[in-house]
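Using my numbering, the first residue of the sequence shown is number 202, and each one after it goes up by one.
Where is the CB? At the ideal position from N, CA and C, for every residue including glycine.
The model shown is predicted, which means the values in this text are computed figures rather than measured ones.
Notes to accompany the following structure.
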Amino acid sequence: MDIKYDLKPKSQRRTEPFKPDKTLPFGSLRTDHMFIMDYADGEWKNPRIVPYGTIDIAPGATVLHYGQAIFEGAKAFKHEDKEIYTFRLDMNAKRMNKSAEILCIPKIPEDIQMEAVHALIDVDRLWFPEQEGASLYIRPFIFATQDSLGLHVSATYKFMVIISPSGPYYPKGFTKPIKLLITKKFHRAAPGGTGNAKAAGNYAASLQAGEFAAKFGASQVLYLDVTNTYIEEAGTMNHYHILRGGTVIIPEFTDTILKSITSQSIIEIAGKIGVKAKQERVRLDNFIEGIKSGEIIEAGGLGTAAVISPVGEYVFEDGNSINVNNNEVGKYSKKIYDYYTGIQTGKIEAPKGWLQKVEKRV
Ligand SMILES: Cc1ncc(COP(=O)(O)O)c(C=O)c1O
C-alpha cells in the first residue's frame, strides 16, 4: 500500500522515548499521529498518516444517526530486544471483516489493515511507554460517512487507526477479583442480531446494564441468553470458569457471543499452560450449582484489555450473592495470566505467527 505521510513537524512530535513518571491509565492517552483511509466509488483509497486531531464529518453522516460503525482492539508490546511486536493482529483484522460483513460495510484485506497499524506504530514508536507492564493499545475502526438521512447502507466510509499508550491493566498487581451482576433484565444480543460483531451500537446498548450493575456495586453484568438459561458474556469480555482439576470452560461461540481472541488463544495453548480447555453451552443453574458444590473453583472474564479478570462474587438482582474462591484470585487464573502475558512480552516462546515485529519504514 502506498501510504502518504503528512507528519507533524519534528519540533512538535515526540523525539525522545516516552518515560511517564506516573502509571499511565488504560486507553486515555494518544500518540502524535493517526491513520486514515477513505472508501468511495466502490474502493478503499487514499491511505495516509496525519497528525492526531479532529476530523470533518457531515452532520447527516449515517454513523451519527444509525450507528453503522465497527471497531477492533489489539495490543503491541516491547520486548527485551527493544523492538515493538503486535500480538495476533491478523485475528483482529479477520474479525473486523466478519463485523464488516454483519454491518454491511466493505471489507478491507487483512494485510492492508495490518500494514496500516504497523506503519502508524512505526511513526509513533517513541510513544511506547517505558514502564513495566505497558503496551500500545491499538484501536482500528470503520464508520459510515454518507450524508443521507434515508436508512440504507452507506456508500462512503472511513477506516482509521488510533493508538493509546497504556500502563498495566493491573497497576497494583493481579490481586483483586471483580464482582458481576447476574441480570435477567438486560440482554446484550439477540439471535440473528449483531452480537458476534464488534459493532459500536452493541456497546451503546450495554451502557444501561453497566449503570444498573453499578447500583449493586458490581463492575459489569453477566449476560445471559434471551431465555435467561445460558451464560453468554461477562460485560465486554467472554466468560470462563474453571473446574476442580483445572479444566477451563468457555461458552460455545454463537451469534450472540463475540469470538474473543483471548479465549481462542487460551484454548490453543491450554496444554502448554498446564490446563485443559473446552467450549460448551453453560447453563446458569448448573454454574451456580457448581460453585456451591465446589466443582467450580474459579471464574471470570477474558479479553484483550485485562487478559483475565477473575470474578470473586456474583450478585443476583434480588441482592443475594455467591462467592467464588473466597473472593480471591485463583491459582489457575493466575497461571493463565502469567503465561499469556509472558508470551505477549516475549518472555515465553510464542506460537508461530502470534507476534509480528514492527519494522522501520520511515
Ligand atoms: C463483547 C466482548 N466480548 C469479548 C471480548 C473479548 O475479545 P478479545 O479477547 O478479542 O479482546 C470483547 C473485547 O474485545 C468484547 O467487547
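Close CB contacts of residue 293 within its chain, under the 6 Å cut and outside five residues either way in sequence, are with 273 and 275 (chain order). Taken through DSSP and simplified to helix, strand or coil, residue 521 comes out as coil. Here the segment 279-290 does not lie against the segment 517-531, with fewer than 3 beta-carbon pairs under 8 Å apart.
Three or more Cβ pairs drawn from the segment 250-262 and the segment 221-234 lie within less than 8 Å of each other, which places the two stretches in contact. Looking at 203, 359 and 339, the one whose alpha-carbon comes closest to that of residue 366 is 339.
In the DSSP assignment, residue 316 falls within the unbroken alpha helix (DSSP H) covering 311-324. At least 9 Å separates the beta-carbon of residue 491 from that of residue 440. Under DSSP, residue 245 shares a beta bridge with 240. DSSP places residue 266 in the helix class (H, G or I) of the three-state scheme.
Of the other Cβ atoms in all chains shown, 16 or more fall within 10 Å of the Cβ of residue 407; this residue is therefore buried.
Using a cutoff of 8 Å, the CB of residue 462 counts as near ligand 1, since one of the ligand's heavy atoms is closer than that. Closest option to residue 429, judged by alpha-carbon separation, among 398, 335, 472 and 487: 487. Short note on residue 478: C-beta not closer than 8 Å to any heavy atom of ligand 1. For residue 516, DSSP records a beta bridge to 382 and 522. When the five nearest sequence neighbours on each side are left out, the beta carbons in the same chain lying within less than 6 Å of the beta carbon of residue 424 are those of 389, 433 and 434, in order along the chain.
By the C-beta density criterion, residue 494 is exposed, having fewer than 16 other C-beta atoms within 10 angstroms. Rounded to the nearest whole angstrom, the C-alpha separation of residue 281 and residue 325 is 19 Å.
Distances between the C-beta of residue 290 and the heavy atoms of ligand 1 are all 8 Å or more. Shortest Cα-Cα distance from residue 337 to any of 219, 549, 526 and 483 involves 219. When secondary structure is reduced to three states using DSSP, residue 469 falls in the helix class.
The beta carbon of residue 297 sits no closer than 8 Å to any heavy atom of ligand 1. Across the set 302, 507, 381 and 397, the C-alpha of 381 shows the shortest separation from the C-alpha of residue 419. Secondary structure at residue 474: helix, using DSSP grouped into helix, strand and coil. For residue 563, the number of other beta carbons within 10 angstroms of its own is below 16, and it is reported as exposed. Per DSSP, residue 408 is one residue of the alpha helix (DSSP H) stretching across 401-416. When DSSP states are grouped into helix, strand and coil, residue 258 belongs to the coil group.
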